[in-house]
Ligand code: DP6
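Numbering (the working numbering), first residue to last: 1 to 342.
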């Protein structure tokens, strides 16, 4: 992470601001061996994004013990965050305070550059930014593995990947933290996101992980995974888009098969999801190589190489039910900022 922020500002406050991107998984985390300790059933591989991000300022107050969590959604000022969001943040602040034995309380202000909780991995970017900003406010120097490990403990496994740029695997071979496979310069892949739903999704990823095992297709997907992980690593290594695309698309569809056949069933897709999927198949029929992937939500990430991006955007624009198109791509990871939100 680039260090360009003076921890104690001119007023002597212990304050840090971090921008952390979201990420999109090519091989998904869906189902856990131990959900309480965020131990996933299988390794996941993701691409860190550059446009979709969370910005978070944290101030450490040595006196007091009640944290303050504010957020900004859309235009307007920062407001006290609702309990559905603030409770997770406070739990993580308590966890980090215990970990560092620092006492006191934290003030937090956070915002996203994209719709929250709509399957665009706002927890990943949000908890990555929060964790790194707490580390910054406390003046804690840490390596990538520790940062990732601490972000994972928030309960958002995907946050462990967002602390790193480029192409990332979690867990690493050696431990339950994420490691970078290649940095963002390795391969310039693009992610054209078709937003078809901007509200909060009905079923959290947490509940999805909980229910995953109840699907008769859960074990089938697990059996596919060693081959898929190998195929994705090789395709990334060789920058072979024709090898990468079909695997990531099959993996995303399988995640949703498992979700739809869980007990109780989870249907994230909206009619416009299928409209986008069909449009992408149409692009391929016309010789434009683009493949989809999706998180736990209705929105569709269309992955392509730079020379295809304009065609993808043109095809998705104006489709029935597509509310917005976000042009994203592989990014370098989190960075600090000097302008605080608090
Ligand atoms: C479908 O438990 O990390 O995005 O806390 O909501 O970000 P959030 O979810 P998390 O599960 C991620 C589920 C996924 C797949 C993935 O990103 O690997």
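Ideal placement from N, C-alpha and C gives every residue a C-beta, glycine not left out.
Separation of residue j from residue i, as counted between CA atoms
i: residue 22; j: residue 122; result: 7 Å
i: residue 330; j: residue 49; result: 5 Å
i: residue 6; j: residue 141; result: Low local confidence applies: a pLDDT of 40 at residue 6 is under 50, so the model's placement there is unreliable, with the coordinate-based value given in what follows. Cα to Cα, residue 6 sits roughly 13 Å from residue 141.
i: residue 226; j: residue 282; result: 30 Å
i: residue 132; j: residue 285; result: 44 Å
i: residue 178; j: residue 160; result: 6 Å
i: residue 15; j: residue 340; result: 8 Å
i: residue 310; j: residue 328; result: 12 Å
i: residue 250; j: residue 110; result: 34 Å
i: residue 239; j: residue 290; result: 14 Å
i: residue 94; j: residue 203; result: 25 Å
i: residue 270; j: residue 228; result: 27 Å
i: residue 63; j: residue 230; result: 51 Å
i: residue 224; j: residue 253; result: 13 Å
Environment of residue i [buried if 16+ CB atoms lie within 10 Å]
i: residue 25; result: buried
i: residue 264; result: exposed
i: residue 165; result: buried
i: residue 169; result: buried
i: residue 214; result: exposed
i: residue 83; result: exposed
i: residue 237; result: exposed
i: residue 79; result: exposed
i: residue 75; result: exposed
i: residue 323; result: exposed
i: residue 66; result: exposed
i: residue 174; result: exposed
i: residue 33; result: exposed
Contacting residues, own chain, Cβ-Cβ under 6 Å from residue i (five flanking each side not counted)
i: residue 348; result: The chain is shown from 1 up to 342; residue 348 falls before or after that span and cannot be answered.
i: residue 255; result: 28 and 30
i: residue 276; result: 194 and 300
i: residue 129; result: 18, 20, 54 and 56
Same chain, Cβ closer than 7 Å to residue i, neighbours up to 5 away in sequence not counted
i: residue 257; result: 217
Three-state class that DSSP yields for residue i in the structure shown
i: residue 326; result: strand
i: residue 197; result: coil
i: residue 382; result: Outside the displayed span of the chain (1 to 342) sits residue 382, for which this structure offers no information.
i: residue 189; result: coil
i: residue 298; result: coil
i: residue 98; result: helix
i: residue 242; result: helix
i: residue 153; result: coil
i: residue 2; result: At residue 2 the pLDDT is 48, less than 50, meaning the model places this residue with poor confidence; the figure from the coordinates comes in the next sentence. Strand at residue 2.
i: residue 10; result: In this predicted model, residue 10 has a pLDDT of only 49, less than 50, meaning its place in the structure is not dependable enough to derive any value.
Whether residue i touches residue j by CB criterion (8 Å)
i: residue 59; j: residue 97; result: no
i: residue 100; j: residue 52; result: no
i: residue 39; j: residue 69; result: no
i: residue 206; j: residue 42; result: no
i: residue 319; j: residue 209; result: no
i: residue 220; j: residue 248; result: no
i: residue 189; j: residue 303; result: yes
i: residue 127; j: residue 148; result: no
Sequence-distant residues of the same chain with beta carbon closer than 8 Å to residue i, five excluded per side
i: residue 325; result: 192, 193, 194, 195, 313, 316 and 317
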